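Residue numbers (our numbering): 6 to 638.
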């Protein structure tokens, strides 16, 4: 290590290698990769659960899995895909891309960013340990009371659900706060709000939704936890509680959650379609205001999940109208994507195939959403496979296609290697055809009256062929996912030789720096002179961005192992409190409570250490930056 030239910079440089580097990192790019790996793992787990569900339903009166196992699969598939796969994959993109798009060197709170990942990861781990222990959640991913209470779920399955999601939710909430502060405070000079790339805008609105929606889930899970662990009666009607109260609390969170998931996908599609059409995004301002309006209206539609609970005609009418209204800003986005492509010089790369495939698929999901928004019609559709089809058209046909588009688009920026295009296109067609085979037919199953979440169905009532087709489609989607993993493995064997702008048509700031970026991102903070900042410089004949500052020492945060141990502490605490009734006593204290207190004390001790020990970070000096730049100022 070189001696720092001034006292101000004389802090020891902390750098680790190997596994320790990943456990202690506070670099947003590495945390993005950690989210990607964890989310990808849970995506495979959730996908395997889905395939087992479809194999059970491929023939009438099948006994591939038992009724109890089927309920567990249904519950864990939904919970895993929503909370443990989709959310972290979106956070992977937000971490990897947002600071680069706004010209920042890191997120606002790097330590908190790391803490967000590890609490999410250990929460997800706790939830999935239930498979190993044999007490698996089985009350559905919505955990409706009183089914989720101790009367009907008297093993520890739903305790895993409650505590796992509580811990994972902490990570999501602090991650959302972090990105709000980052986008508000850390934009490069000249990057006004109306010059921000649309993906950054969607990440911003998503973070705001997380800030307002997740506390509702936290309160609901806390109440359910008190019902289950301490015999409270929030949701037990026999003891004065109210089961419908859980539905309200869950969906006040649950419907904004759908937009928390889909808005970043909208942002990805906007970036990809604009780049590969070689055109500015059509109607940028209207896209921004449509995003804000979707976020706002997303909090006003939750009871459309509850039309059949007897809220009355006035409530049903109001929520029906609000739900139909949300189709307007969504429609604006659809037309703007089409007009962006209109007259563009379109390249059908793998990323763009996913983006273009996203548009009609999401429209189909939106149309069935408007059908479900009609309260009288919903009495027929509700709790049939029609709802399953609608939901998956929005989440898989929308969100997952968006995630695949983003993976192909930003993979070279994250890893320095371009994914194989031929394999990418084969993957797209396999997954896309498999998806439509699986879920299109389910609309008709629902209209014929096949209920959701049933384990078996009788022969001779018209469900056989459609369920068979649906299962074949699910297996095709599985093949598509395996092909993507093969693409990743093949690509990782290649050298890191991707140029800074591998698509040659990059429009935003992330394409101005090397692939993958150096740990400090920008050697000099760029000066932003308009929307699509890099494209504007290209059009004026410049090879890069105009710097807003001279080259100087760059301050970096130190890595820390504390977030990892804080996650471990919460994981241990969850186990202890869950098993307190089963594990006997240590003196006057239950063994489980003792273990739970040790876990919480570990987390608290890490918080104290973080507060008491003043870590100034370190500086990367000018000579190291100049060496990275090849000796050019």
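Glycine is no exception: its CB is placed at the ideal position from the N, C-alpha and C atoms. Note that the structure is a prediction, hence the values are computed from the model and not measured.
Item to check | Distance CB(residue 352)-CB(residue 281) smaller than 7 Å | outcome: Sequence index remark: in the chain shown, residue 352 carries index 347 (1-based). Sequence index remark: in the chain shown, residue 281 carries index 276 (1-based). Inclusion of residue 352 and residue 281 in the CB contact set at 7 Å is warranted, their separation being smaller than that value.
Next on the checklist: Check whether the stretch 569–579 and the stretch 113–125 touch, using three or more Cβ-Cβ pairs below 8 Å as the test.
Outcome noted: With a cut-off of 8 Å, the stretch 113–125 and the stretch 569–579 count as touching, because enough Cβ pairs lie within range.
Checklist entry - Since residue 623 sits in a beta bridge, which residues does DSSP pair it with? => result Within the chain shown, residue 623 is the residue found at index 618, counting from 1. Looking at the DSSP output, residue 623 bridges to 561.
Checklist entry - What do you get for residue 632, buried or exposed, if any count of 16 or more other CB atoms within 10 angstroms of its CB means buried? => result For the purposes of this step, residue 632 is taken as residue 627 along the chain shown, with counting starting at 1. The residue in question, residue 632, is exposed, as its Cβ has fewer than 16 Cβ neighbours within 10 Å.
Checklist entry - Under the rule that 16 or more other beta-carbon atoms within 10 Å means buried, what is residue 59, buried or exposed? => result Your numbering for residue 59 matches position 54 in the chain shown. With 16 or more Cβ atoms within 10 Å of its Cβ, residue 59 is classed as buried.
Checklist entry - What three-state label does DSSP hand residue 594 in the structure shown? => result Translated into the one-based positions of the chain shown, residue 594 becomes position 589. DSSP places residue 594 in strand when its eight states are reduced to three.
Checklist entry - With a cut-off of 8 Å, do at least 3 Cβ pairs link the stretch 522–537 to the stretch 187–196? => result The stretch 522–537 and the stretch 187–196 touch, with no fewer than 3 CB-CB distances between them shorter than 8 Å.
Next on the checklist: In the DSSP assignment, the alpha helix (DSSP H) including residue 190 goes from what residue to what residue?
Outcome noted: Position 185 of the chain shown, counting from 1, holds the residue named residue 190. Counting along the chain, the alpha helix (DSSP H) containing residue 190 begins and ends at 162–190.
Checklist entry - Are residue 183 and residue 114 touching if we call contact CB-CB under 7 Å? => result On the chain shown, residue 183 is found 178 positions in, with the first residue counted as 1. On the chain shown, residue 114 is found 109 positions in, with the first residue counted as 1. Yes. Within cutoff.
Checklist entry - Which ranges does the beta strand (DSSP E) cover as unbroken runs of at least 3 residues, wholly within the stretch 244–298, from first to last along the chain? => result Scanning the stretch 244–298 for uninterrupted beta strand (DSSP E) segments of 3 residues or longer gives nothing; none is fully contained.
Checklist entry - Does the separation of the CB atoms of residue 331 and residue 291 fall below 7 Å? => result Within the chain shown, residue 331 is the residue found at index 326, counting from 1. Within the chain shown, residue 291 is the residue found at index 286, counting from 1. Between residue 331 and residue 291, the CB-CB gap reaches or exceeds 7 Å.
Checklist entry - For the stretch 308–353, which segments carrying the alpha helix (DSSP H) assignment without a break, of at least 4 residues, lie completely within its bounds, in sequence order? => result Within the stretch 308–353, the complete alpha helix (DSSP H) runs of at least 4 residues are 318–330 and 332–346.
Checklist entry - According to the Cβ coordinates, are residue 32 and residue 76 closer than 7 Å? => result Here residue 32 corresponds to residue number 27 of the chain shown, with the count starting at 1. Here residue 76 corresponds to residue number 71 of the chain shown, with the count starting at 1. The beta carbons of residue 32 and residue 76 sit no closer together than 7 Å.
Next on the checklist: Could you compute how far the alpha carbon of residue 145 sits from the alpha carbon of residue 233?
Outcome noted: The residue labelled residue 145 in the question sits at position 140 within the chain shown. The residue labelled residue 233 in the question sits at position 228 within the chain shown. Answer to the nearest angstrom: the Cα atoms are 16 Å apart.
Checklist entry - Considering only residues of the stretch 90–124, which uninterrupted beta strand (DSSP E) runs meet the minimum length of 3 residues and lie entirely inside it, listed in chain order? => result Those beta strand (DSSP E) runs which fall completely within the stretch 90–124 and span 3+ residues do not exist here.
Next on the checklist: Short of 6 Å in beta carbon distance, which residues of its chain neighbour residue 637, apart from the five on each side in sequence? Order them along the chain.
Outcome noted: Counting from 1 along the chain shown, the entry for residue 637 is found at position 632. Reliability fails at residue 637, whose pLDDT of 49 lies under 50, so the model's placement of it is uncertain and the value that follows must be treated cautiously. Within the same chain, residue 637 has no close Cβ partners at all.
Checklist entry - Just reading off the alpha helix (DSSP H) that residue 513 is part of, what are its end residues? => result In the chain shown, the residue the question calls residue 513 occupies position 508. Boundaries for residue 513: no alpha helix (DSSP H) harbours it, and the DSSP string shows neither H nor E there.
Checklist entry - Do the CB positions of residue 303 and residue 269 come within less than 7 Å of each other? => result For the purposes of this step, residue 303 is identified with residue 298 of the chain shown, where counting begins at 1. For the purposes of this step, residue 269 is identified with residue 264 of the chain shown, where counting begins at 1. No.
Next on the checklist: Please classify residue 594 as buried or exposed, where buried requires at least 16 neighbouring CB atoms within 10 angstroms.
Outcome noted: Here residue 594 is taken as the residue at index 589 of the chain shown, counted from 1. With fewer than 16 other Cβ atoms from the protein chains shown falling within 10 Å of its own Cβ, residue 594 counts as exposed.
Item to check | Neighbourhood of residue 167 by C-beta, 7 Å cutoff - its chain only, sequence neighbours within 5 removed | outcome: On the chain shown, position 162 is the one that residue 167 refers to. The beta carbon of residue 167 lies closer than 7 Å to those of 226, 229, 230 and 233 in the same chain, with the five residues before and after it left out.
Item to check | Distance between residue 511 and residue 504 (C-alpha atoms, nearest Å) | outcome: Looking up residue 504 in the chain shown gives position 499. Looking up residue 511 in the chain shown gives position 506. Residue 511 has its alpha-carbon roughly 11 Å from the corresponding atom of residue 504.
Checklist entry - Per the contact definition of three or more C-beta pairs closer than 8 Å, is the stretch 557–565 in contact with the stretch 614–623? => result When Cβ pairs closer than 8 Å are counted between the two stretches, the stretch 614–623 is seen to touch the stretch 557–565, the count reaching three or more.
Checklist entry - With distances taken from CA atoms, which of 406, 376, 390 and 549 is nearest residue 364? => result Looking up residue 364 in the chain shown gives position 359. Closest by alpha carbon: 406.
Item to check | Close-in-space but distant-in-sequence residues of the same chain around residue 600 (CB under 7 Å, 5 per side omitted) | outcome: Along the chain shown, one-based indexing puts residue 600 at 595. Result list for residue 600: 577, 580 and 581, in chain order.
Checklist entry - In the structure shown, what three-state DSSP assignment does residue 417 receive? => result Against the chain shown, residue 417 aligns to sequence position 412. Look at residue 417 here: in three-state DSSP terms it is helix.
Checklist entry - Should residue 62 and residue 472 be called a contact, given that it needs their Cβ atoms to be closer than 7 Å? => result Mapped onto the chain shown, residue 62 falls at position 57. Mapped onto the chain shown, residue 472 falls at position 467. Yes, the Cβ-Cβ distance between residue 62 and residue 472 is below 7 Å.
Item to check | C-alpha gap between residue 257 and residue 305, whole angstroms | outcome: To locate residue 257, count along the chain shown from 1; it is residue 252. To locate residue 305, count along the chain shown from 1; it is residue 300. Distance between the alpha carbons of residue 257 and residue 305 is about 8 Å.
Item to check | Nonlocal neighbours in the same chain, by C-beta distance under 8 Å from residue 374, ignoring five residues either side | outcome: Locating residue 374 in the chain shown gives position 369, where the first residue counts as 1. Take residue 374, set aside five residues on each side of it, and the residues of its chain with a beta-carbon closer than 8 Å to its own are 328, 332, 395 and 399, in chain order.
Checklist entry - Of all Cβ atoms in chain D, is any one closer than 7 Å to the Cβ of residue 34? => result In the structure shown, chain D cannot be found, because there is only a single protein chain.
Item to check | Coarse secondary structure for residue 607, derived from DSSP in three states | outcome: Walking along the chain shown from the start, residue 607 turns up at place 602. Three-state DSSP puts residue 607 in a helix.
Checklist entry - By the 10 Å Cβ neighbour count, where 16 or more other Cβ atoms means buried, how is residue 492 classified, buried or exposed? => result The residue labelled residue 492 in the question sits at position 487 within the chain shown. Buried: at least 16 other Cβ atoms inside 10 Å.
Next on the checklist: Tell me the rounded alpha-carbon separation between residue 9 and residue 555.
Outcome noted: Reading the chain shown from its first residue, position 4 is the one you call residue 9. Reading the chain shown from its first residue, position 550 is the one you call residue 555. Here the model assigns residue 9 a pLDDT of 41, short of 50, so the residue's position is not dependable, and the following value carries that caveat. In a straight line, the C-alpha of residue 9 is about 19 Å away from that of residue 555.
Checklist entry - Excluding sequence positions up to five away, which residues of its chain have a Cβ less than 6 Å from the Cβ of residue 84? => result Locating residue 84 in the chain shown gives position 79, where the first residue counts as 1. Only 146 meet the Cβ criterion.
Checklist entry - DSSP three-state call for residue 519: helix, strand or coil? => result Taking the first residue of the chain shown as 1, we reach residue 519 at position 514. If DSSP states are grouped into helix, strand and coil, residue 519 belongs with coil.
Next on the checklist: According to DSSP, simplified to helix, strand and coil, what is residue 151?
Outcome noted: Your numbering for residue 151 matches position 146 in the chain shown. Three-state result, residue 151: coil.
Checklist entry - Of the residues 359, 524 and 513, which one's Cα is nearest the Cα of residue 542? => result Against the chain shown, residue 542 aligns to sequence position 537. The shortest Cα separation from residue 542 among 359, 524 and 513 belongs to 513.
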